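Working notes, beginning with the structure itself.
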Amino acid sequence: MSTFYSEERGIYTRVVSNLMYSRQSIAAAQSAFRAHCSVTVRPQGQGNVAVHVKPLGESAREPTQAVLEFWNFVLDTEAQRRLAMS
Amino acid sequence: MARTEFHSLGHYQGGEVKYGLLPFRLGRFGADEYIISNDLGEYAFLSPTDLERLISKKLDPNSDTYLNLRAKNFVSDDRGSVHGRILASRYKTKKSFLDGFTKLHIFVTTLRCDHSCPYCQVSRQSEDRTKYDMTPEIARRGVDLMLRSPARAVTCEFQGGESLLNFPLLKDIVQYATERNRALRKAITFVACTNLSTLTDEHLAFFKQHNILVSTSLDGPQHIHDKNRPLSRASSHGLFEANLKRVQGYLGPDRVSALMTTTKESLAYPDEIIDEYLRLDLSSIFLRPLSPFGFAVKTVKAIGYDTSDFLAFYKKAFVRILEINRSGRHFPESYATLILEKILTPFPNGYVDLQSPAGAGFGVVVYNYDGEVYASDESRMLAEMGDTNLRLGNVLENSYEEIFFGEEMQTIAAASCNEALPGCSDCVYQPFCGADPVYHYATQGDLFGHRPTSGFCQRNMGIIKYLLEFLHSGNREIERIFWSWINRTPLRQVSLPEASWL
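Chains as they are written, first to last, in my numbering: chain V, 1 to 86; chain G, 1001 to 1502.
Dropping the structure here:
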């Protein structure tokens, strides 16, 4: 339910489905990483969103690490949200 | 004439890509296909040719099959340096139900009950025998233990017998837990399991005041329900229906759910059972088999059946449930939803019977009316039948550490991981299944169990395969229905991506 990552000019893009990752979880990560990454989310239709992550400042020195941590945060948040519902 | 020979595509893409295999399990799927799965819960269907190519590392690294297997973490190559960290993150997520340790705390407020169900798991006592009631001292000590749990959110569930027959204690537990929790600030969900036959306005007001959920039982239309759940003074179904409406009206329809138990009587009526749930405005159904515990062991000849009979019943009912969902009514089958969540998402769920490590002790603990503590409801049933081997301790005699990390808990834990159980460790369906050492102890006399003769294994494998067949069929409408169940959203709001990576 997610596409591969792509990277262009320091912006890491991943298209994911809201079926898997809720808007709340992506928004929570966006807020939590405000100081480390610039994150923009664009709807792609059919419940998909493109998430563009651009590591900033110190994080830009190890961009892959920052992007992985961002998505790890989304994964954790979504897991906890679903566990709370079940 | 000179011979023209073209280079492979890989030649222009930076040379040969070497790949390695990551751990996976495999099994046959149908007559001419294989299914493979890994610890992250990813799966793929492969032809025998592609399987052979995969294993002999001859898959074309630019083929769709290869890229799909790479995306699902079945192979790893030198095109990415972060693979290991992604795997770790995914695996941690799959096991995140362990975070916070025991979350479901069951209080058996009394063994008294007004029903005499032949399949009852509990050694019920008649309504006047108050010596089978939990005392406030035991209850409060149980609450203290519950609040020692590291979990930020815990569920406090009241069971019996019939839990409402000891309503003063239920109230005391809720008030004491709420008071003690003011400083701890955990999220506590209270659930009252009740047959609804003795429901009063006082109960309803208290439930509303404290936001208590109601879990009840409905086995189907009147002729099935009354046969399964006999009540001497009236029709159990009649009382149930009247009081269910009161609960739905007073608390809201989303505050009450029902469980059904399948007996031999139920097998011929899958459609009628489902229609009864719809008629009574229940929002889902959980098709449950008989449990081999308690009274059900003594009555198995009268009300029992083979696993194959249950699976046939389940499949008939499931087809009817899909029809209902197609027509636009959101009506999930709860067990399938739990399994589908494991198949289709990277996330775990909180259902203790489908976890590895098993839920016994790790996810659930039971405080019996007499203060004895068990790792699951089923362990308590065994104790009522005279086998106290799975008793973890006593709330008045043992500390939190002695109960949750003692020898008995460790014995259960040793048989709790299906990744390491014989017959499960190499089963392709293992990531979607669970472990149930207490079930195997009860039915086979061995916590580890013997998988080829295990009803737990046959039932789960049957249902998991059945669901995978639907997914493999490529039927997008059914896939949308499954996602609507997983995400608890109406079907009309579910939009599948064009290219599915399932």
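Virtual Cβ for every residue (Gly too), placed ideally from N, Cα, C.
Values in this document were obtained by computation on a predicted structure and should not be read as measured data.
>> Within the continuous alpha helix (DSSP H) that includes Gln1248 of chain G, where are the two ends?
In response: Ser1236 to Leu1251
> Who are Gly1393 of chain G's beta bridge partners in DSSP?
Replying inline: G:Val1373
> Does the distance from the CB of Leu1548 of chain G to the CB of Ile1486 of chain G come in under 9 Å?
Replying inline: As shown, chain G starts at 1001 and ends at 1502. That puts residue 1548 of chain G outside it, with no answer to give.
>> Taking the beta carbon of Asn1451 of chain G as the centre, do at least 16 other beta carbons fall within 10 Å, making it buried, or is it exposed?
In response: In the sequence under discussion, the amino acid at residue 1451 of chain G is Arg, which differs from the Asn named in the question. Its Cβ being crowded by 16 or more others within 10 Å, Arg1451 of chain G is buried.
> What does Ile1035 of chain G pair with, by DSSP beta-bridge criteria?
Replying inline: G:Gly1027 and G:Phe1045
> Could you give the C-beta distance for His1105 of chain G and Val1365 of chain G, rounded to a whole number, given that I count them as a contact under 8 Å?
Replying inline: With 8 Å as the limit, His1105 of chain G and Val1365 of chain G qualify as a contact, their Cβ atoms being about 6 Å apart.
> Looking at the C-beta of Arg61 of chain V, does it have a partner C-beta in chain G at a distance below 9 Å?
Replying inline: No, Arg61 of chain V lies away from the interface with chain G (no Cβ there is under 9 Å from its Cβ).
> Run through DSSP, which three-state label would Arg1070 of chain G get?
Replying inline: helix
> In or out: Leu1338 of chain G buried (at least 16 other Cβ within 10 Å) or exposed?
Replying inline: Per the 10 Å Cβ criterion, buried.
>> Please confirm whether Asn1073 of chain G has its beta-carbon closer than 9 Å to some beta-carbon of chain V.
In response: no
>> Distance check for Leu1468 of chain G and Leu1421 of chain G, CA to CA, integer angstroms please.
In response: 23 Å
>> On the CB-based measure, 16 or more other CB atoms within 10 Å of its CB, does Gly1020 of chain G come out buried or exposed?
In response: exposed
>> So if I threshold CB-CB distances at 7 Å, which residues from the stretch 1090 to 1112 of chain G count as touching chain V?
In response: Thr1093, Ser1096 and Phe1097
> Who are the Cβ neighbours of Gly1434 of chain G in its own chain at under 7 Å, not counting the five residues just before and after it?
Replying inline: Asp1353, Leu1354, Gln1355, Ser1356, Ala1358 and Asn1418
> Hey, which unbroken runs of the alpha helix (DSSP H) at 4 residues or more fall wholly within the stretch 1462 to 1496 of chain G?
Replying inline: 1476 to 1486
>> For Ile1035 of chain G and Val1428 of chain G, which I take to be in contact (beta-carbon distance under 8 Å), what is that distance rounded to the nearest angstrom?
In response: 5 Å
>> Can you give me the C-alpha to C-alpha distance between Phe1240 of chain G and Leu1067 of chain G, rounded to a whole angstrom?
In response: Roughly 55 Å between the two C-alpha positions.
> From which residue to which residue does the beta strand (DSSP E) around Phe1158 of chain G run?
Replying inline: Unbroken beta strand (DSSP E) run through Phe1158 of chain G: Ala1153 to Gln1159.
> Hey, Val1154 of chain G and Thr1198 of chain G: beta-carbon distance below 9 Å or not?
Replying inline: no
>> Any beta carbon of chain G sitting closer than 9 Å to that of Val17 of chain V?
In response: The sequence given here places Ser at residue 17 of chain V; Val does not occur at that position. Closer than 9 Å: yes.
> Mind pulling the chain G residues with CB within less than 7 Å of Glu78 of chain V?
Replying inline: Phe1347
> Taking the C-alpha atoms as reference points, what is the distance between Gly1449 of chain G and Thr1388 of chain G?
Replying inline: 19 Å
>> Quick check: the stretch 1045 to 1062 of chain G against the stretch 1298 to 1318 of chain G, are at least 3 beta-carbon pairs closer than 8 Å?
In response: no
> Applying the criterion that 16 or more other CB atoms from any shown protein chain within 10 Å of the CB defines a buried residue, is Met1001 of chain G buried or exposed?
Replying inline: Bear in mind that a pLDDT of 49 at Met1001 of chain G, under 50, signals an unreliable position, so the number given afterwards is only what the model happens to contain. Met1001 of chain G should be labelled exposed.
> Exposed or buried, which one is Thr1194 of chain G when buried takes at least 16 other CB atoms within 10 Å?
Replying inline: buried
>> What does DSSP give as the partner residue(s) for Ala50 of chain V in the beta ladder?
In response: In DSSP, Ala50 of chain V forms a bridge with V:Val15 and V:Arg42.
> Exposed or buried, Ser1089 of chain G, counting other C-beta atoms within 10 Å across all chains shown (16 or more means buried)?
Replying inline: Per the 10 Å Cβ criterion, buried.
> Span of the beta strand (DSSP E) holding His1105 of chain G?
Replying inline: Leu1104 to Val1108
>> As a quick exercise: from V:Leu19, V:Ser25, V:Ser59 and V:Gly45, pick the residue whose alpha carbon is nearest that of Tyr38 of chain V.
In response: Per the sequence shown, residue 38 of chain V should be read as Ser rather than Tyr. Of the candidates V:Leu19, V:Ser25, V:Ser59 and V:Gly45, the one whose C-alpha sits nearest the C-alpha of Ser38 of chain V is V:Ser59.
>> Looking at the secondary structure, which residues open and close the beta strand (DSSP E) in which Val1256 of chain G lies?
In response: Val1256 to Thr1261
>> To the nearest angstrom, how far is the alpha carbon of Ile1343 of chain G from that of Lys1072 of chain G?
In response: Distance from the CA atom of Ile1343 of chain G to the CA atom of Lys1072 of chain G, rounded to whole angstroms, is 12 Å.
> Excluding sequence positions up to five away, which residues of its chain have a Cβ less than 6 Å from the Cβ of Ser1376 of chain G?
Replying inline: Ala1360, Val1364 and Val1438
>> Spatial neighbours of Leu1147 of chain G within its chain, please: C-beta separation below 8 Å, excluding the five flanking residues on both sides.
In response: Val1154, Ala1177, Arg1180, Asn1181, Leu1184 and Lys1186
> Which residues in chain V sit within 9 Å of Ser1495 of chain G, going by Cβ to Cβ distance?
Replying inline: Counting only Cβ-Cβ distances below 9 Å, Ser1495 of chain G has contacts in chain V at Ser17, Asn18, Leu19, Gly45, Gln46, Gly47 and Asn48, in chain order.
> Interface residues of chain V around Ala1153 of chain G at Cβ under 8 Å?
Replying inline: Ala84
>> Rounded to the nearest angstrom, what separates Met1260 of chain G and Phe1286 of chain G at their Cα positions?
In response: Taking the straight line joining both Cα atoms gives about 6 Å.
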